[in-house]
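Student: Chains as they are written, first to last, in numbering that gives the first Met the number 0: chain A, 0 to 302; chain B, 0 to 302. My questions will all concern the structure given below.
Protein chains: 2
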Amino acid sequence: MGGAAGQSGFASQIQEVGPRDGFQIIERFIPTEIKLETIDLLVKAGLSKIQITSFVSPKAVPQMSDAAEVTRVCLERYPDSLLFALVPNLRGARGAVEAGLREVAVVLSLSESHNKANVGKSVAESVEETKRIRETFPDLRIAQDIATAFGCPFEGKMELPPLMELIHQLSDIGIGEFTLCDTVGTAHPTQVKTVFETVGAAFPGAVFNVHIHDTRNMGMLNTYIAMKHGAKGLQSSAGGLGGCPFAPGASGNTATEDLVYMLREEGFDTGVDFGRLLDAARFLKRHVQGNYSGHHIMIEEQE
Amino acid sequence: MGGAAGQSGFASQIQEVGPRDGFQIIERFIPTEIKLETIDLLVKAGLSKIQITSFVSPKAVPQMSDAAEVTRVCLERYPDSLLFALVPNLRGARGAVEAGLREVAVVLSLSESHNKANVGKSVAESVEETKRIRETFPDLRIAQDIATAFGCPFEGKMELPPLMELIHQLSDIGIGEFTLCDTVGTAHPTQVKTVFETVGAAFPGAVFNVHIHDTRNMGMLNTYIAMKHGAKGLQSSAGGLGGCPFAPGASGNTATEDLVYMLREEGFDTGVDFGRLLDAARFLKRHVQGNYSGHHIMIEEQE
Numbered sequence: 000m001g002g003a004a005g006q007s008g009f010a011s012q013i014q015e016v017g018p019r020d021g022f023q024i025i026e027r028f029i030p031t032e033i034k035l036e037t038i039d040l041l042v043k044a045g046l047s048k049i050q051i052t053s054f055v056s057p058k059a060v061p062q063m064s065d066a067a068e069v070t071r072v073c074l075e076r077y078p079d080s081l082l083f084a085l086v087p088n089l090r091g092a093r094g095a096v097e098a099g100l101r102e103v104a105v106v107l108s109l110s111e112s113h114n115k116a117n118v119g120k121s122v123a124e125s126v127e128e129t130k131r132i133r134e135t136f137p138d139l140r141i142a143q144d145i146a147t148a149f150g151c152p153f154e155g156k157m158e159l160p161p162l163m164e165l166i167h168q169l170s171d172i173g174i175g176e177f178t179l180c181d182t183v184g185t186a187h188p189t190q191v192k193t194v195f196e197t198v199g200a201a202f203p204g205a206v207f208n209v210h211i212h213d214t215r216n217m218g219m220l221n222t223y224i225a226m227k228h229g230a231k232g233l234q235s236s237a238g239g240l241g242g243c244p245f246a247p248g249a250s251g252n253t254a255t256e257d258l259v260y261m262l263r264e265e266g267f268d269t270g271v272d273f274g275r276l277l278d279a280a281r282f283l284k285r286h287v288q289g290n291y292s293g294h295h296i297m298i299e300e301q302e
Numbered sequence: 000m001g002g003a004a005g006q007s008g009f010a011s012q013i014q015e016v017g018p019r020d021g022f023q024i025i026e027r028f029i030p031t032e033i034k035l036e037t038i039d040l041l042v043k044a045g046l047s048k049i050q051i052t053s054f055v056s057p058k059a060v061p062q063m064s065d066a067a068e069v070t071r072v073c074l075e076r077y078p079d080s081l082l083f084a085l086v087p088n089l090r091g092a093r094g095a096v097e098a099g100l101r102e103v104a105v106v107l108s109l110s111e112s113h114n115k116a117n118v119g120k121s122v123a124e125s126v127e128e129t130k131r132i133r134e135t136f137p138d139l140r141i142a143q144d145i146a147t148a149f150g151c152p153f154e155g156k157m158e159l160p161p162l163m164e165l166i167h168q169l170s171d172i173g174i175g176e177f178t179l180c181d182t183v184g185t186a187h188p189t190q191v192k193t194v195f196e197t198v199g200a201a202f203p204g205a206v207f208n209v210h211i212h213d214t215r216n217m218g219m220l221n222t223y224i225a226m227k228h229g230a231k232g233l234q235s236s237a238g239g240l241g242g243c244p245f246a247p248g249a250s251g252n253t254a255t256e257d258l259v260y261m262l263r264e265e266g267f268d269t270g271v272d273f274g275r276l277l278d279a280a281r282f283l284k285r286h287v288q289g290n291y292s293g294h295h296i297m298i299e300e301q302e
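Here it is in structure tokens:
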């Protein structure tokens with residue numbers, strides 16, 4: 000019944016996305032040193048896989064204009080960490096590769112309207128873009144982010160057949176890793192279970208990660224259910240920093256330290272030092288003003 | 000994969016505890032009219048079972064000094080609702096009965112130190128107190144709240160054998176309903192599953208409810224797991240109003256509207272109108288200053 004004695008191996012992997020998903024909606028530019036200090040604390044807390052930035056248009060997202068610099072410093076400092084960046088297109092992938100990265104997350108959305116709003120393309124055009132990235136950089140590790148995989152702010156609940164079809168198309172062009180994103184936080188446990196069971200059975204050679212937004216208080220629940228049904232990478236953000244441009248003020252990402260605490264209590268060795276991770280989240284909250292949905296930092300604040 | 004079409008009957012029951020667990024830690028006295036207006040909005044939202052107050056020493060908890068008045072008005076207004084109050088002892092039970100209630104939740108803790116701090120008795124003395132209530136009011140429906148059933152702020156993680164032994168003792172004196180409370184929010188999913196499976200198998204005639212605090216972001220997760228493993232009553236608080244005297248500022252109860260939203264997405268008909276419940280939570284947040292952990296009210300605020 001107690002904590003750490005219960006279970007053994009941790010088959011999943013925590014993927015910290017705060018330095019990208021948390022930072023990208025902060026309007027005021029976060030000094031590069033603060034970004035680097037945050038990443039340093041996250042690495043030292045034991046997080047081995049970190050999405051450190053995104054290579055996007057600096058006009059569209061000025062916050063990420065220091066992507067190359069952040070990448071250069073991190074690659075030098077943490078040669079053993081799994082560092083990756085988000086890219087929306089070939090240009091972004093080229094930037095990431097030129098900065099030295101060997102892995103990117105390429106983003107598209109399952110729903111046409113969100114894909115149009117987010118990357119300015121039809122879904123078919125985005126699939127073509129992934130294909131171009133695949134062909135241009137054959138050695139680059141690619142995880143395909145599928146935003147709005149469960150629900151869309153414009154189109155509502157998403158269905159399974161179009162998701163299966165999209166994964167099929169992407170598999171055909173050589174993509175073997177997918178991150179299913181609940182961009183608006185409307186996924187519910189049975190849906191998450193069904194989706195992961197179905198894609199896992201249909202694509203047994205592929206890797207599926209999960210990225211759940213906590214907008215409606217289901218971040219921990221759905222991440223847990225996804226893990227129980229085969230999700231490999233569990234994406235989360237230190238402090239729960241994040242949000243949604245469509246619901247300002249709303250909670251954003253699932254908080255990494257809350258997730259790590261739960262997994263530790265479940266008896267899993269995630270390799271992360273909870274105390275040091277909490278320190279990292281606290282550092283973040285002190286230095287970057289934003290929406291934090293992490294619960295542990297609320298307790299700590301009062302101590 | 001969609002929402003409402005999926006599942007059928009809802010075997011559990013939502014028990015709203017905000018007017019007691021949410022209000023009791025608010026220092027500034029909440030005018031009786033605000034309490035009554037809140038309860039009115041909750042009833043109108045379709046919540047059929049509500050813990051409306053507690054009969055405790057007005058010196059210890061001045062906030063609940065209007066318990067008799069709140070009860071009198073509510074019983075008159077909502078003859079068809081299942082209204083109940085929390086009581087720590089025979090004196091409280093007498094107050095509840097005299098005010099006209101036919102059901103109480105009697106509280107004790109599994110851990111000696113918390114029971115001492117909370118009700119000033121040893122656990123054995125508290126069991127005796129429940130026995131006296133049982134004998135004095137044979138027609139009174141009693142649900143036994145077992146606080147710190149999963150963990151204690153002083154003694155840490157709680158084990159299953161003492162919990163089983165305590166339920167056994169209480170069964171022997173005629174108690175058939177139990178609310179297992181995660182008072183400090185440290186319960187984790189596998190623990191919740193094990194506990195509900197074990198008590199359900201050992202006491203097949205008894206009813207077990209769940210009351211999870213959201214302190215460490217596991218409120219929705221553990222409530223869901225408990226429901227999946229036999230919990231009948233799911234206790235929660237509108238707006239997530241609540242907290243913990245041992246962790247000021249920390250999140251309190253699981254938010255009823257977040258729970259109702261999740262259950263609705265799961266395809267359950269809880270009988271609750273989500274929109275009206277959200278209105279009730281918003282009313283509460285406007286009129287009562289406190290810690291709110293509900294996520295939907297954060298979205299709504301910005302709209």
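A virtual CB, placed ideally from N, CA and C, is assigned to each residue, including glycine. Given the structure is predicted, the values throughout are model-derived calculations rather than measurements.
Do the CB positions of T185 (chain B) and G150 (chain B) come within less than 8 Å of each other?
Tutor: Yes.
Student: Which same chain residues, not among the five before or five after N290 (chain A), have their C-beta less than 6 Å away from its C-beta?
Tutor: Excluding sequence neighbours, N290 (chain A) sits near G242 and G251.
Student: When DSSP labels each residue in this structure, what does H282 (chain B) get in the three-state scheme?
Tutor: For the record, residue 282 (chain B) in the displayed sequence is Phe; it is not His. Correct three-state label for F282 (chain B): helix.
Student: How about Q143 (chain B) and L159 (chain B): do their beta carbons lie closer than 8 Å?
Tutor: No, Cβ-Cβ distance for Q143 (chain B) and L159 (chain B) is not below 8 Å.
Student: Which residues does DSSP list as the beta-bridge partners of L169 (chain A)?
Tutor: Paired residue(s): none; L169 (chain A) is not in a bridge.
Student: Please identify the residue among B:D39, B:V42, B:V60 and B:V191 whose C-alpha is closest to the C-alpha of L85 (chain B).
Tutor: It is B:V60 whose Cα lies nearest to the Cα of L85 (chain B).
Student: Which residues bound the beta strand (DSSP E) around A104 (chain B)?
Tutor: Per DSSP, A104 (chain B) belongs to the beta strand (DSSP E) from E102 to S108.
Student: The beta strand (DSSP E) with L81 (chain A) in it runs from where to where?
Tutor: Looking at the DSSP string, the run of the beta strand (DSSP E) that includes L81 (chain A) is L81 to V86.
Student: For a cutoff of 8 Å on Cβ pairs, would you count A237 (chain B) as touching chain A?
Tutor: No, because no Cβ of chain A sits closer than 8 Å to the Cβ of A237 (chain B).
Student: So, using beta-carbon positions, are I145 (chain A) and T193 (chain A) closer together than 8 Å?
Tutor: No, they are not a contact pair.
Student: G232 (chain B) by DSSP, collapsed to three states: which one?
Tutor: Note: G232 (chain B) maps to strand in three-state DSSP.
Student: Name the chain B residues whose beta carbon is nearer than 9 Å to that of S250 (chain A)?
Tutor: Residues of chain B passing the Cβ test: H294, M297 and I298.
Student: For the alpha helix (DSSP H) containing V209 (chain A), name the first residue and the last one.
Tutor: No alpha helix (DSSP H) contains V209 (chain A), which is instead part of the beta strand (DSSP E) from V206 to I211.
Student: Would you say V16 (chain A) faces chain B, with C-beta separation under 8 Å as the test?
Tutor: Not closer than 8 Å to any Cβ of chain B, the Cβ of V16 (chain A) fails to qualify, so no.
Student: Mind pulling the chain A residues with CB within less than 7 Å of R215 (chain B)?
Tutor: Per Cβ cutoff of 7 Å: D257, Y260, H294 and H295.
Student: Output needed for S292 (chain A): all residues of its chain with C-beta closer than 7 Å, excluding positions within five of it in sequence on either side, in chain order.
Tutor: Excluding residues within five positions, the ones whose Cβ falls inside 7 Å are D213, G239, S250, G251 and A254.
Student: If you drop the 5 nearest sequence neighbours on each side, which residues of the same chain put their C-beta closer than 8 Å to that of E97 (chain B)?
Tutor: Excluding sequence neighbours, E97 (chain B) sits near A67.
Student: Pick helix, strand or coil for K115 (chain B), following the three-state DSSP scheme.
Tutor: Three-state result, K115 (chain B): helix.
Student: Taking the alpha-carbon positions, what's the G204 (chain A) to D79 (chain B) distance?
Tutor: Each residue's Cα considered, the two are about 57 Å apart.
Student: Using 8 Å for Cβ pairs, my map puts Q12 (chain B) next to Q50 (chain B). What's the rounded Cβ distance?
Tutor: Their Cβ separation, rounded to whole angstroms, is 13 Å, which puts Q12 (chain B) and Q50 (chain B) out of contact at 8 Å.
Student: Since M219 (chain B) meets chain A, which of its residues come closer than 8 Å, beta carbon to beta carbon?
Tutor: Those within 8 Å of M219 (chain B) in chain A are N216, M217, M219 and L220.
Student: If you reduce the DSSP assignment to three classes, tell me which class T182 (chain A) lands in.
Tutor: Correct three-state label for T182 (chain A): coil.
Student: Below 8 Å CB to CB, which residues in the same chain sit around V259 (chain B) once its five sequence neighbours on both sides are set aside?
Tutor: Excluding sequence neighbours, V259 (chain B) sits near I13, T269, V271, F273 and L276.
Student: Can you name the residues of chain A whose CB is closer than 9 Å to the CB of R148 (chain B)?
Tutor: The question names Arg, yet the displayed sequence has Ala at residue 148 (chain B). Correct list: empty, because the minimum Cβ distance to chain A is about 11 Å.
Student: Between R71 (chain B) and the rest of its own chain, which residues show a CB-CB distance below 8 Å, the 5 nearest in sequence each way excluded?
Tutor: These residues qualify, in order along the chain: A98 and G99.
Student: Measuring alpha carbon to alpha carbon, tell me which residue in A:F202, A:L262, A:T52 and A:M157 is nearest G173 (chain A).
Tutor: That would be A:F202, whose Cα lies nearest to the Cα of G173 (chain A).
Student: Output the distance between the C-alpha atoms of I25 (chain A) and E265 (chain A), rounded to the nearest integer angstrom.
Tutor: One C-alpha to the other measures close to 33 Å.
Student: When the Cα atoms are used, what is the spatial distance from G155 (chain A) to G175 (chain B)?
Tutor: Taking the straight line from one Cα to the other gives about 44 Å.
Student: Compute the distance between the beta-carbons of V106 (chain A) and F83 (chain A), then report whether it is under 8 Å.
Tutor: Their beta carbons are not under 8 Å apart, which means V106 (chain A) does not touch F83 (chain A) by this criterion.
Student: Can you name, in chain order, every residue of its own chain whose Cβ lies under 7 Å from the Cβ of Y77 (chain B), other than the five neighbours on each side?
Tutor: Contacts found: V42.
Student: Under the three-state reduction of DSSP, which class applies to F136 (chain B): helix, strand or coil?
Tutor: Of the three classes helix, strand and coil, the one that applies to F136 (chain B) here is coil, per DSSP.
Student: Can you pull the chain B neighbours of P161 (chain A), defined as C-beta to C-beta under 8 Å?
Tutor: Result: empty, since nearest Cβ-Cβ is about 11 Å, beyond 8 Å.
Student: From the DSSP output, read off the bridge partner residues of E15 (chain A).
Tutor: A:I49 and A:S235, per the DSSP bridge assignment.
Student: Determine whether the beta carbon atoms of E128 (chain B) and K120 (chain B) lie at a separation below 8 Å.
Tutor: Yes.
Student: Following the continuous alpha helix (DSSP H) through A92 (chain A), name the residue where it begins and the one where it ends.
Tutor: From DSSP, the alpha helix (DSSP H) with A92 (chain A) extends over L89 to E97.
Student: Is there a Cβ of chain A sitting closer than 8 Å to that of G2 (chain B), yes or no?
Tutor: Note that G2 (chain B) scores a pLDDT of 43, beneath 50, so its modelled location is shaky; the value from the coordinates is reported in the next line. It does; some Cβ of chain A falls within 8 Å.
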